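Trainee: Could you have a look at this structure, given as structure tokens, before my questions?
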Amino acid sequence: MDFVNDVIARKRDGHELTAEQMEAFVHGVVDGSVPDYQASALLMAMVLRGLSDAETVAMARAMVTSGKTLDLSVLRRPVLDKHSSGGVGDKVTLVLAPLVASCGAVFGKMSGRGLGHTGGTLDKLESVPGFRVRLPQGDFLRQLERIGVAVVSQSERIVPADRILYALRDVTATVECDGLIAASIMAKKVATGTHAVVLDLKVGRGAFLRDLGHARKVGRLCRVIGEEFGRATTCLYTAMDTPLGRAVGNRLEVEEAWEVLTGGGPDDVREVTLAVAAALLPLADLGLDADAARRRAEAALADGRAAEHFERWMYVQGGRWRPGEYHRLAGEEVKAPRAGFVGDVDARLVGRAAQLA
């Protein structure tokens, strides 16, 4: 108790915490020796005083060591990953995962569920009947070796500190801290063993990062953590003032992802996916630069390889995928009360409406 009080006071007064102090705090939160009220006080001090680069790295390291880690070196190939900071209509992972695998790389991701008004990849995948998001570690590794792609839910034993700390941050107005955001993102990437990651940091009304300056600060800290742990980390900054694509809602977004995989779909979804693929594939030791990576990804979309890989991925993870099935269900037409033109679509409001649907 006295130790934690001292750490809270030290941060409150603007001093930098040591790696040992950060580790003791994080591990104490996990084992219950640091009560919620003290953890909340220290989190607020971190928000008000900010975290240095060294503190941010120490926080990420303590979170990684708070639980189990995965060793993907047995695959003897780089395993690629992508993280989105959250948006409305963001179905990029659904297109990117099979696309990257169809280009000869390995894409392994432990994903999450929706937060607030933003959708979650796991929720979208579970809208496909039978799709299994929970896989034992051995099955996860075998699937990566067999077809080069797997997207699963995160084990509760991996980075347990993040789950506990985020729940506290969510109810104590301490979510918006650059260092805490970066540590949360990168600790999970390090612990899950992926070798390289591209961060798609969404910016705008429908995103948690509301302006580009804030997003760039978070991106820089993520790269600092990645360098410390030997993880190649690239950041892209994409707009999220309006929804991505035309579909918002779990199964609708899977259908729209399929449209992109089969050569159609909205231009913005296709472009963001290709931009991420062009940044990610050069990290796979395939001898590709960004231009060659984009050309390979475009070819995989055009010749059907990416779509075939999507169908194989669905099958291997238990999904009973039938393209277009959802569109055949009865819908409801909503007419505008007066004539006119749509001048703007607020992504945040659309996301909230989708939550209520």
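Residue 379, in the working numbering, is where the sequence shown stops; the numbers in between run on with no holes.
Don't be surprised by glycine CBs; every beta carbon is placed ideally from N, CA and C.
Everything numeric in this text was worked out from a predicted model, so none of it was measured.
Assign V110 to one of three DSSP states: helix, strand, or coil.
Mentor: In the sequence shown, the residue the question calls residue 110 occupies position 88. Reduced to three states, the DSSP call for V110 is coil.
Trainee: Considering A172, what are the terminal residues of the beta strand (DSSP E) in which it resides?
Mentor: The residue given as residue 172 occupies position 150 in the sequence shown. It spans 171-175 - the beta strand (DSSP E) in which A172 sits, taken as one unbroken run.
Trainee: Given this structure, state the Cα-to-Cα distance separating V29 from L157, to the nearest angstrom.
Mentor: If you number the sequence shown from 1, residue 29 lands on position 7. If you number the sequence shown from 1, residue 157 lands on position 135. Their Cα atoms are separated by approximately 39 Å.
Trainee: Please report the straight-line C-alpha distance between Q377 and G309, rounded to a whole angstrom.
Mentor: Within the sequence shown, residue 377 is the residue found at index 355, counting from 1. Within the sequence shown, residue 309 is the residue found at index 287, counting from 1. Each residue's Cα considered, the two are about 43 Å apart.
Trainee: So if DSSP puts D24 in a beta bridge, which residue, or which two residues, is it bridged to?
Mentor: In the sequence shown, counting from the first residue as 1, residue 24 sits at position 2. Paired residue(s): none; D24 is not in a bridge.
Trainee: Rank Y59, V367, A84 by C-alpha distance to the C-alpha of L39 and give the top, closest one.
Mentor: Position 17 of the sequence shown holds residue 39. The candidate whose alpha carbon is nearest that of L39 is A84.
Trainee: Within 8 Å, do at least three Cβ pairs link the region 159-169 to the region 184-196?
Mentor: Contact fails: fewer than three Cβ-Cβ distances are below 8 Å.
Trainee: Please report the distance separating the alpha-carbon of F25 from that of E77.
Mentor: The residue you call residue 25 lines up with position 3 of the sequence shown. The residue you call residue 77 lines up with position 55 of the sequence shown. F25 and E77: Cα-Cα distance of roughly 18 Å.
Trainee: Check the C-beta distance from K131 over to D112 and give it rounded, since I have them as a contact under 8 Å.
Mentor: For the purposes of this step, residue 131 is taken as the residue at position 109 of the sequence shown. For the purposes of this step, residue 112 is taken as the residue at position 90 of the sequence shown. About 14 Å; that fails the 8 Å criterion.
Trainee: If we require 3 or more residues per run, which beta strand (DSSP E) segments fall completely within the region 95-157?
Mentor: With a minimum length of 3 residues, the continuous beta strand (DSSP E) runs that stay inside the region 95-157 are 101-106, 128-133.
Trainee: Could you pull the DSSP bridge partners for V220 from this structure?
Mentor: Working through the sequence shown from its first residue, we reach residue 220 at position 198. Partner(s): K104, T256.
Trainee: Do the region 283-292 and the region 80-94 make contact, defined as three or more Cβ pairs closer than 8 Å?
Mentor: The region 283-292, when compared against the region 80-94, does not touch it at the 8 Å Cβ threshold.
Trainee: Name the residue from D35, G326, L121 whose alpha carbon lies nearest to the alpha carbon of I169.
Mentor: Here residue 169 corresponds to residue number 147 of the sequence shown, with the count starting at 1. Among D35, G326, L121, the Cα nearest to that of I169 belongs to L121.
Trainee: Based on DSSP bridge pairs, tell me the residues matched to V225.
Mentor: The residue given as residue 225 occupies position 203 in the sequence shown. For V225, which the question treats as bridged, DSSP gives the partners L231, A261.
Trainee: Should K357 be labelled buried (16 or more other beta-carbon atoms within 10 Å of its own) or exposed?
Mentor: As a position in the sequence shown, residue 357 is number 335, starting the count at 1. K357 is exposed by the Cβ-count criterion.
Trainee: Do A321 and L303 have their C-beta atoms within less than 7 Å of each other?
Mentor: The residue you call residue 321 lines up with position 299 of the sequence shown. The residue you call residue 303 lines up with position 281 of the sequence shown. No. Outside cutoff.
Trainee: Within the region 38-75, note down every full alpha helix (DSSP H) run reaching 4 residues or more, in order along the chain.
Mentor: Correct list: 41-53, 58-71.
Trainee: CB-CB under 6 Å to S175, same chain, minus the five flanking residues each way: which ones, in chain order?
Mentor: Start at 1 with the first residue of the sequence shown, and residue 175 comes out as number 153. Only L144, V155, R156 meet the Cβ criterion.
Trainee: Restricting to runs no shorter than 4 residues, where is the alpha helix (DSSP H) found entirely within the region 260-328?
Mentor: As far as the region 260-328 is concerned, its whole alpha helix (DSSP H) runs of at least 4 residues are 272-283, 289-302, 312-324.
Trainee: Just the C-alpha distance for A41 and V114, rounded to the nearest angstrom, thanks.
Mentor: Taking the sequence shown and counting its residues from 1, one reaches residue 41 at position 19. Taking the sequence shown and counting its residues from 1, one reaches residue 114 at position 92. Roughly 36 Å between the two C-alpha positions.
Trainee: CB G152 to CB G341, shorter than 7 Å?
Mentor: Residue mapping note: residue 152 aligns to position 130 of the sequence shown, counting from 1. Residue mapping note: residue 341 aligns to position 319 of the sequence shown, counting from 1. Against a cut-off of 7 Å, the Cβ pair of G341 and G152 comes out as a contact.
Trainee: Would you list the residues sitting across from I180 in a DSSP beta bridge?
Mentor: Looking up residue 180 in the sequence shown gives position 158. According to DSSP, which records beta bridges pairwise, I180 is partnered with K90.
Trainee: What does the alpha-carbon distance come out to for the pair L70 and A300?
Mentor: Stepping through the sequence shown from its first residue, residue 70 is reached at position 48. Stepping through the sequence shown from its first residue, residue 300 is reached at position 278. Those two C-alpha atoms are separated by around 38 Å.
Trainee: For A328 versus L371, is the C-beta distance shorter than 7 Å?
Mentor: Start at 1 with the first residue of the sequence shown, and residue 328 comes out as number 306. Start at 1 with the first residue of the sequence shown, and residue 371 comes out as number 349. For A328 and L371, no; Cβs fall outside 7 Å.
Trainee: With DSSP run on the structure shown, which of helix, strand or coil describes A361?
Mentor: Translated into the one-based positions of the sequence shown, residue 361 becomes position 339. Reduced to three states, the DSSP call for A361 is coil.
Trainee: Along the alpha helix (DSSP H) that carries Q377, what are the first and last residues, could you check?
Mentor: Position 355 of the sequence shown holds residue 377. Segment 369-378, the alpha helix (DSSP H) holding Q377.
Trainee: Considering Cα atoms alone, identify which of G271, E277, Y259, V246 is closest to D75.
Mentor: Looking up residue 75 in the sequence shown gives position 53. If we check each option's Cα against that of D75, V246 comes out closest.
Trainee: With a CB to CB cut of under 6 Å and the five nearest residues on each side skipped, what residues in its chain are close to V197?
Mentor: In the sequence shown, counting from the first residue as 1, residue 197 sits at position 175. Only R191 meet the Cβ criterion.
Trainee: For E277, which of R344, R232, R317 has the nearest alpha-carbon?
Mentor: Along the sequence shown, read from residue 1 onward, the residue named residue 277 stands at position 255. Residue R344 is the option with its Cα nearest to E277.
Trainee: With DSSP as the reference, label F162 as helix, strand or coil.
Mentor: In the sequence shown, counting from the first residue as 1, residue 162 sits at position 140. F162: helix per DSSP, three-state reduction.
Trainee: According to DSSP, is V240 part of a helix, a strand, or is it coil?
Mentor: The sequence position of residue 240 within the sequence shown is 218, counting from 1. In this structure, V240 counts as helix in the three-state DSSP scheme.
Trainee: Applying the 10 Å Cβ sphere with the 16-neighbour rule, what's the burial state of E382?
Mentor: A query on residue 382 cannot be resolved here, the shown segment of the chain reaching from 23 to 379 and no further.
Trainee: Whole-angstrom Cβ separation of V171 and F129, contact assumed at under 8 Å?
Mentor: Mapped onto the sequence shown, residue 171 falls at position 149. Mapped onto the sequence shown, residue 129 falls at position 107. About 5 Å separates the two Cβ atoms, so the contact holds.
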